[in-house]
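**Q** The structure that follows is given in the form of structure tokens.
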Amino acid sequence: ESDLKVYLVAADGTETLQTITTHYTVTGGGTPAATGTVEMVTAPATGETLVILRVLPI
Numbered sequence: 479e480s481d482l483k484v485y486l487v488a489a490d491g492t493e494t495l496q497t498i499t500t501h502y503t504v505t506g507g508g509t510p511a512a513t514g515t516v517e518m519v520t521a522p523a524t525g526e527t528l529v530i531l532r533v534l535p536i
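Numbering-wise, my numbering comes out as the position in the sequence shown, counting from 1, plus 478.
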């Protein structure tokens, strides 16, 4: 969960970083090879895009 960055991108290109439990939840994952699911508390509106990044510490 902490390796994920979730952004909601508006139609005008404005990016808003989402917060876990406030804006979305994560299930599954936990190991490098595992898959998981990100579920939004409120679905993105028409014209918005959800961007999910995995950011690993260096």
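For every residue, glycine included, the Cβ atom is placed at its ideal position computed from N, Cα and C. Predicted, not measured: the structure shown is a model, and the values here were computed from it.
Quick check: T494 and Y485, are their CB atoms within less than 8 Å of each other?
**A** A contact, by the Cβ cut-off of 8 Å.
**Q** For the putative contact between T499 and G506, defined by C-beta atoms under 8 Å, what is the C-beta separation to the nearest angstrom?
**A** Not a contact, Cβ separation roughly 16 Å.
**Q** If you run the structure through DSSP and keep just helix, strand and coil, what is E493?
**A** strand
**Q** Can you name the start and end residues of the beta strand (DSSP E) that V484 belongs to?
**A** 482-487
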